[in-house]
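Protein chains in written order, with the numbering used here: chain Z, 1193 to 1450; chain Y, 1193 to 1450; chain V, 1193 to 1450.
Cβ atoms here follow ideal geometry from the backbone N, Cα and C, with glycine treated the same way.
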Amino acid sequence: MSIITLTSDWNNCDFYVGAVKGLILRNCPDITMVDISHSITTFNVGQAAFVLRNAYPNFPKDTIHIILVNTESSPVRPFLLVRADNHYFIGTDNGIFSLILGDKHEKIVQLKVDEQKNSTAIELFSSVACKLANGAKMDELGKVVDSYIQRIPLRPTIENLTLTGSVIYIDSFQNAITNITKDLFERIRQNRNFEIFIQSKHYKVTRISNFYHEVPVGELLVLFNSVGLLEVAINNGNAARLLNLDVNSAIRVEFENN
Amino acid sequence: MSIITLTSDWNNCDFYVGAVKGLILRNCPDITMVDISHSITTFNVGQAAFVLRNAYPNFPKDTIHIILVNTESSPVRPFLLVRADNHYFIGTDNGIFSLILGDKHEKIVQLKVDEQKNSTAIELFSSVACKLANGAKMDELGKVVDSYIQRIPLRPTIENLTLTGSVIYIDSFQNAITNITKDLFERIRQNRNFEIFIQSKHYKVTRISNFYHEVPVGELLVLFNSVGLLEVAINNGNAARLLNLDVNSAIRVEFENN
Amino acid sequence: MSIITLTSDWNNCDFYVGAVKGLILRNCPDITMVDISHSITTFNVGQAAFVLRNAYPNFPKDTIHIILVNTESSPVRPFLLVRADNHYFIGTDNGIFSLILGDKHEKIVQLKVDEQKNSTAIELFSSVACKLANGAKMDELGKVVDSYIQRIPLRPTIENLTLTGSVIYIDSFQNAITNITKDLFERIRQNRNFEIFIQSKHYKVTRISNFYHEVPVGELLVLFNSVGLLEVAINNGNAARLLNLDVNSAIRVEFENN
């Protein structure tokens, strides 16, 4: 039994959610359909990519992920079906594929659109997902192309003794998740001491915690989260709001000179 | 395998959502259960009707739609099961059936209520839905009646050269969807030029777009949406908020005299 | 086919929702997975307990309920699997089990944690739930323990002729649900008259309604809700907001001296 996941910025209230679910169940009644999120901020391709990038690897291989964020297509932004990392992704070529998958794509197909019907993303994506679920080959669903639009995610910079990253996601606990991976941090750290500065020099942390509760309730901490990203948090909540952090806020790590 | 859909104004946080899902799975474990929306505005029968009217036709025939908005019943507002357009609808006779279905009903049954048990809409609707899913006939579930309460949806008016409609729904992108259908518009238009006025004479549009991106980001446009309704939008969002449009705001189309 | 329910404070937007669903489908693809709520207020163990306490009894026996609210564990707050009332509950020993189940537990197992892997609640809970669904015995999943942390829910007090309860939940209609059960009320009432005071002496009600519509729209009423708890409501909504009621607000019932 195949799995189809749904991610959208429809805020759970529009009829589009019901419409896409109805079309899927009509075309492939035996599917397992899973809501990943319908609460992506409107048109926020970066947020949708972050959610899907961290959620999809947990699903079984061959899961089909439908992405309904900023879907309007045009000749330079066609509808795509992408095979990568043993999963399928269906969406509009608005840069989201590169933000989710980097260069991991194995095959990209530009979906056939029926010009007569002026069919919507909802109709096309649910139809393509069900064809895949029913055994269609990618080549039958459109024209193989080489690449999708590249959007370069903000990467940390390294200069002398300083590693500067930025906040890429605020979660529902107001934890501020950065683009500094544990791997990168440790590679540069080389067992040296360090100071982490948040909001220029306003807040400073000099150790990495393993658990939120290692500091008293209401105290600031920094840890690596479940997907290995440096996260600025407050035990029992609200770091981003209290520290006035937002997506793109800079986080600076200064390593000791040894 | 039957399908049961759920639409409510419970905002995803109350225990009622879990309760109705539990009762359904207890009574008919093999059902496919689908959330259409639990984010209908409190008691907003019109909004629920709009969502369901546009979502239900996408589902396979014989789908059972449970409507849990403004459910309290009374002798003049009984619980009903309606068969229409090859679907089943279960709800309270608060006018919502006419807003979803107009006069399309094939059969209406007033549901039997166990006076002793004072059973809630949640219990009754989930029990009736599962009986249907398990093969019960409508006649076994209550008394056949002739009609449901009619609530007349606001319709566009036509006077000389002017077609006046109104906003009936604001979607999550702040697009303002009106009650002017493409059919009606084209029938009156007869290939003439026209001017569309929004907020009396404040904003004017003189063409219908096919895509949002046909105008620059931030510009006003008008198009017919995926269900054939005239929609006032801004490319990349927020028309209703920026133009101060709300449900019932008037939209006026003036056709050229030829 | 087993059922797994999910309750979290992730607000439907974080990738954690997708992650846990993916892991469950990977480990037990034939499961029926049900969202009870992902809109619990952040860290609000009391609210999560209220929702689950009133939702779980509607599910078939042997349903597995995963609770993802305030999940961080520590040596004094281990991860637990609890069997009670013919259901399974998986969560962190933060007091929530006592708030849902009181003393009803039949068996409690402290879950085995792989120290090497520093696995998250999401990984562990989904893995344990799937093992249960696939037939594992509780003893295989950890060490049997005697008890969980007791959190004493606020109970009504009785003094002479006065029964004082408090609001324990505000639902999405702004109904204020109290901890006064119908059983307790009737036991003390003994057919006497009574006055119910809300916000000290500001608002008074002297009868219990059966339906919201028994009073005019906008009028205050008190009734016993579908789970037998005294509820302060306004016909067509908004009691808590208009009367400024919040969780813990006192509701006082004074019985007549006879």
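Paired residues, beta bridge with residue i - DSSP
| i | result |
| --- | --- |
| Z:V1359 | Z:T1370 |
| V:M1225 | V:I1196 |
| Z:I1256 | Z:I1196 and Z:Y1280 |
| Z:V1268 | According to DSSP, Z:V1268 bridges with nothing at all. |
| V:R1275 | V:Y1280 and V:K1299 |
| V:I1388 | V:V1397 and V:V1445 |
| V:V1337 | V:I1300 |
Backbone secondary structure at residue i - three-state DSSP
| i | result |
| --- | --- |
| V:V1212 | helix |
| Z:A1328 | coil |
| Z:D1375 | helix |
| Y:F1207 | helix |
| Y:Y1280 | strand |
| V:S1231 | coil |
| Y:E1423 | strand |
| V:I1350 | strand |
| V:L1303 | strand |
| Y:V1320 | helix |
| V:I1380 | helix |
| V:I1344 | coil |
| Y:N1262 | coil |
| Z:N1250 | helix |
| Z:N1219 | helix |
Chain Z residues whose Cβ lies nearer than 7 Å to that of residue i
| i | result |
| --- | --- |
| V:N1436 | Simply none; closest approach about 25 Å. |
| Y:A1247 | F1207, G1210, A1211 and G1214 |
| V:F1235 | N1428 and G1429 |
Span of the alpha helix (DSSP H) around residue i
| i | result |
| --- | --- |
| Z:I1288 | I1288 to L1293 |
| Z:G1238 | V1237 to A1247 |
| Z:L1435 | A1431 to L1435 |
Boundaries (first-last residue) of the beta strand (DSSP E) holding residue i
| i | result |
| --- | --- |
| Z:V1445 | A1442 to F1447 |
| Y:L1413 | L1412 to F1416 |
| Y:Y1395 | Y1395 to V1397 |
| Z:V1407 | No beta strand (DSSP E) holds Z:V1407; DSSP gives it neither H nor E. |
Minimum Cβ-Cβ distance from residue i to chain A less than 8 Å
| i | result |
| --- | --- |
| Z:P1221 | Here chain A cannot be found, since the structure's protein chains are Z, Y and V. |
Contacts of residue i in chain Y (Cβ-Cβ under 8 Å)
| i | result |
| --- | --- |
| V:N1326 | Those within 8 Å of V:N1326 in chain Y number zero; the least Cβ separation is about 17 Å. |
| Z:I1314 | S1418 |
Within chain V, partners of residue i - CB distance below 8 Å
| i | result |
| --- | --- |
| Y:R1218 | N1250, F1251 and P1252 |
| Z:T1224 | L1217 and P1221 |
Partners in chain Y for residue i, counting only beta-carbon separations shorter than 9 Å
| i | result |
| --- | --- |
| Z:S1266 | F1403 and H1405 |
| V:I1195 | G1214, L1217 and P1221 |
| V:S1290 | Correct list: empty, because the minimum Cβ distance to chain Y is about 18 Å. |
Partners in chain V for residue i, counting only beta-carbon separations shorter than 9 Å
| i | result |
| --- | --- |
| Y:D1201 | S1364 and F1365 |
Beta-carbon neighbours of residue i, restricted to chain V and to distances below 7 Å
| i | result |
| --- | --- |
| Z:I1228 | V1209 and G1210 |
Contact set between residue i and chain Z, taken where Cβ atoms lie within less than 9 Å
| i | result |
| --- | --- |
| Y:F1242 | F1207 |
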